[in-house]
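What follows is a single structure, written as structure tokens, with notes after it.
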Amino acid sequence: MKVVTFAGNTAIVTGAASGIGRALAMMLAEYGATVYATDRDAERLAELTGTEHGSRIRLMPLDVTDRDAVGAVVDRVVAESGTLDLMFNNAGIVVGGDFADMTPDAWQRIVDINFWGVVHGTEAAYAQMRKQGRGHIINTSSSAGVMPVVRSAAYAATKHAVVGLSTSLRAEAADHGINVSVAVPGLVDTNIFSAATNLAAYDYGAAVKRVPMKKVAPRQAAEAMLRGVIRNDEFIVFPLLNRLVIKLYRAMPAVMRPVINRAGM
């Protein structure tokens, strides 16, 4: 993909130290945007400045669970750049295992990051974009946000919430010139599964390896997301196989439910 659409744009990307967030930050910078890359992992975040277009990337360590800190990042971006064109709420974690093994701490952590982190970013960006009368918010969900995934109830719950937030706000935000999209990726080749919080004896990384679906490279994921931004898609679903599986599930949920989870997640 070769575009110039993002030249002169200012973007914030959360969860930018690795995976899709890192690829988004690098690709946006490659296509001319000024990127404010945020993450809790300041050490890995710092590696972005050494990439080919790192001069366009500004680093901002951030914990998305801290509402005031997220608001301060948006304020700083606007103070320095005068605008906020794109907000990618991408930070997220995985908790895997039987629902019966979920603990209050596990629930708190995943909801704080996967749901409240997105709410905080959306809230702060939306306030600024309403002042501007334009902007685009892109929230990262998952195929688990539109389909059932066994032993991932907490993760799926937060990702379903992200879909609901994004689609409902999209209808409301249009009156203010603001676009809202939700990304629904399939399996992406990142460390999110190997770094998952496992309950009891569950091994999320091993479970994902049993899924008969090829993983998408982070750069491919970022490319798909940016294409969706250009088109202003409500749902940015990728790759093609993921789109097909989701369509089949919506058409035949009773048939597809056991097929989706046959890999023994």
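So the sequence shown is numbered by the numbering used here: it starts at 999 and just counts up by one. Beta carbons are placed, not taken as given, at the ideal position from N, Cα and C, and that holds for glycine.
Which listed residue (the options) has its alpha carbon closest to that of residue i
i     : options                       : result
V1186 : L1026, A1169, V1161 and A1219 : A1219
L1026 : V1161, P1059, V1227 and Y1124 : V1227
N1240 : K1129, M1085, V1214 and F1097 : V1214
A1169 : N1189, E1232, S1053 and G1019 : E1232
I1136 : P1183, I1108 and Y1247        : P1183
V1161 : I1176, V1178, A1171 and S1139 : S1139
L1057 : T1032, M1211 and G1080        : T1032
T1156 : D1110, A1122 and P1237        : D1110
T1188 : I1091, T1049, G1006 and S1079 : I1091
M1211 : L1238, A1181, F1113 and A1193 : L1238
E1221 : Y1029, N1007 and P1059        : Y1029
F1191 : A1181, A1205 and N1112        : A1205
T1259 : G1048, R1208 and A1021        : Note that residue 1259 corresponds to Asn in the displayed sequence, not to Thr. Closest by alpha carbon: R1208.
T1195 : Y1034, L1043 and M1100        : M1100
D1103 : Q1130, A1152 and R1074        : A1152
A1198 : A1098, A1021 and G1052        : A1098
A1040 : I1234, L1060, L1082 and L1246 : L1060
R1107 : D1064, L1046, T1003 and F1236 : D1064
Coil, strand or helix - residue i by DSSP
i     : result
P1210 : coil
M1263 : Model confidence at M1263 stands at a pLDDT of 49, short of 50, so the residue's coordinates are unreliable; what they give is reported in the following sentence. Note: M1263 maps to coil in three-state DSSP.
T1003 : coil
N1112 : helix
A1198 : coil
I1264 : Outside the modelled stretch of the chain, which goes from 999 to 1263, sits residue 1264, for which no answer is possible.
Y1029 : coil
S1179 : strand
F1097 : helix
P1251 : helix
I1190 : coil
V1160 : helix
T1012 : coil
P1256 : helix
K1245 : helix
G1131 : coil
N1240 : helix
Exposure of residue i, with buried meaning 16 or more beta-carbon neighbours within 10 Å
i     : result
N1230 : exposed
S1164 : buried
L1242 : exposed
D1066 : exposed
D1173 : exposed
R1149 : buried
D1096 : exposed
G1262 : Reliability of the predicted coordinates at G1262 is poor, the pLDDT of 48 falling under 50, and the value obtained from them is presented with this limitation in mind. That one is exposed.
A1009 : buried
S1141 : buried
S1166 : exposed
V1071 : buried
P1216 : buried
T1012 : buried
G1094 : buried
G1080 : exposed
G1143 : buried
M1250 : exposed
R1054 : buried
A1171 : buried
Presumed contact (8 Å Cβ cut-off) between residue i and residue j, rounded CB distance
i     : j     : result
V1068 : V1062 : 6 Å
D1037 : G1017 : D1037 to G1017, Cβ: 10 Å. No contact.
R1225 : I1176 : At roughly 20 Å, the Cβ-Cβ gap does not stay under 8 Å, so R1225 and I1176 are not in contact.
A1154 : P1146 : 7 Å
H1118 : L1084 : Not really, about 17 Å apart at Cβ, beyond 8 Å.
T1120 : N1088 : With a Cβ gap of about 12 Å, T1120 and N1088 do not count as contacting.
A1023 : R1042 : Actually they are not in contact, since the Cβ atoms of A1023 and R1042 sit about 12 Å apart, beyond 8 Å.
CB contact below 8 Å: residue i versus chain C
i     : result
D1064 : In the displayed structure, chain C is absent; only one protein chain is listed.
> What are the uninterrupted segments assigned as alpha helix (DSSP H) that are 4 or more residues long and contained completely in the stretch 1030 to 1085, given in chain order?
Replying inline: 1040 to 1043 and 1065 to 1079
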